[in-house]
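**Q** With my numbering applied, the sequence shown corresponds to residues 6 to 222, in that order.
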Amino acid sequence: MLMQSQNVITVLVADDHPLALEGVRSILEKAHDIKIIAEVQDGNEIKPKVAELRPRILLLDLKMPNLDPVEMERWVRENHPETLTLVLTAHDKDAYLANIMDAGAVGYLDKKLRANDLIAAIRRAVRGEFLFDKEQIERAKRWREDVTEKWESLSKREREVLQLLTEGQDNNAIAVSLGISINTVEKHLKNIYKKLGVASRTEAVHWWTEKGTDFRT
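1. Starting from the C-beta of Arg129, find all residues in its chain whose C-beta is less than 7 Å away, skip the five residues before and the five after it, and write them out in chain order.
2. Taking 8 Å as the limit between beta carbons, can you name the residues of its chain near Thr144, skipping five residues before and five after?
3. What runs of the alpha helix (DSSP H), each 4 residues or longer, lie entirely inside the region 97-174?
4. So Ile39 and Ile124 are supposed to be a Cβ contact under 8 Å. How far apart are they, rounded?
5. Looking at the structure shown, is Arg61 part of a helix, part of a strand, or coil, going by DSSP?
6. Taking Lys139 as the reference, which of Gly112, Asn121, Lys116 has the closest Cα?
7. For Asp20, count neighbouring Cβ atoms within 10 angstroms of its own Cβ and tell me buried if that reaches 16, exposed if not.
8. Among Glu154, Asp175, Ala180, Ile185, whose alpha-carbon lies nearest the alpha-carbon of Thr207?
9. Assuming contact is defined by CB atoms lying nearer than 8 Å, are Ile127 and Val16 in contact in what I supplied?
10. Using CA atoms only, rank isn't needed, just tell me which of Ile187, Leu194, Thr171, Asn196 is closest to Lys216.
Right, dumping it as structure tokens:
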């Protein structure tokens, strides 16, 4: 494990874009109290590096090969709570924002932010500040309320159909699993699409993947 000076903020940068890594590196090199101790470009590399190096900050892009950012953040919180996660991303979607906030990240930063603001955010995080602003908190709250409302609008059977759908079962398999007819499955799917505001199986699966994974039948 890397020994750390109390005066130096160690950072692990996770981003699969070389230009982004280069940009972050050039910014953080200007800060005397911040040191990049590793860079990774694949999600599979993050856990070993966090475990080995115990960085104070994990600067995490949301979209990388082999990365579930929410699962990753939950793992960091459970196994290495001394490491604080700051998301640095170009993906400003409410679902990403709310899910990573709930998982335990301390901030959600836009890649368009100024260099000085990135340095300041890292320092603020280490001081124990919560870096989600009021607008982000409100967006996450509205998103959660919308998800909960749509989920609660589904009947128990519709929830079962949706969950089996996301497991890759076709209509025939769903019918067999639940002991119902294919026509009944199709009716349930129509109701699910309407209630979730989606138009296809693919969109329904995406809704579950993005929004419904904390719900269970």
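Where is the CB? At the ideal position from N, CA and C, for every residue including glycine.
**A** Inspection of the coordinates gives the following:
1. For the purposes of this step, residue 129 is identified with residue 124 of the sequence shown, where counting begins at 1. If we look at Arg129 and ignore the five residues flanking it on each side, its Cβ neighbours are Leu136.
2. Along the sequence shown, one-based indexing puts residue 144 at 139. Per the sequence shown, residue 144 should be read as Arg rather than Thr. So the list reads Asp99, Leu102, Ala103, once near-sequence residues are dropped.
3. 99-108, 120-131, 139-158, 161-171
4. Residue mapping note: residue 39 aligns to position 34 of the sequence shown, counting from 1. Residue mapping note: residue 124 aligns to position 119 of the sequence shown, counting from 1. That belief holds up - the Cβ atoms of Ile39 and Ile124 are roughly 7 Å apart, short of 8 Å.
5. Start at 1 with the first residue of the sequence shown, and residue 61 comes out as number 56. Here Arg61 sits in coil by DSSP.
6. Locating residue 139 in the sequence shown gives position 134, counting from the first residue. Comparing Cα positions, the closest option is Gly112.
7. In the sequence shown, counting from the first residue as 1, residue 20 sits at position 15. Buried.
8. One-based indexing of the sequence shown puts residue 207 at position 202. Nearest C-alpha to Thr207: Asp175.
9. Your numbering for residue 127 matches position 122 in the sequence shown. Your numbering for residue 16 matches position 11 in the sequence shown. For Ile127 and Val16, yes; Cβs fall inside 8 Å.
10. The residue you call residue 216 lines up with position 211 of the sequence shown. It is Thr171.
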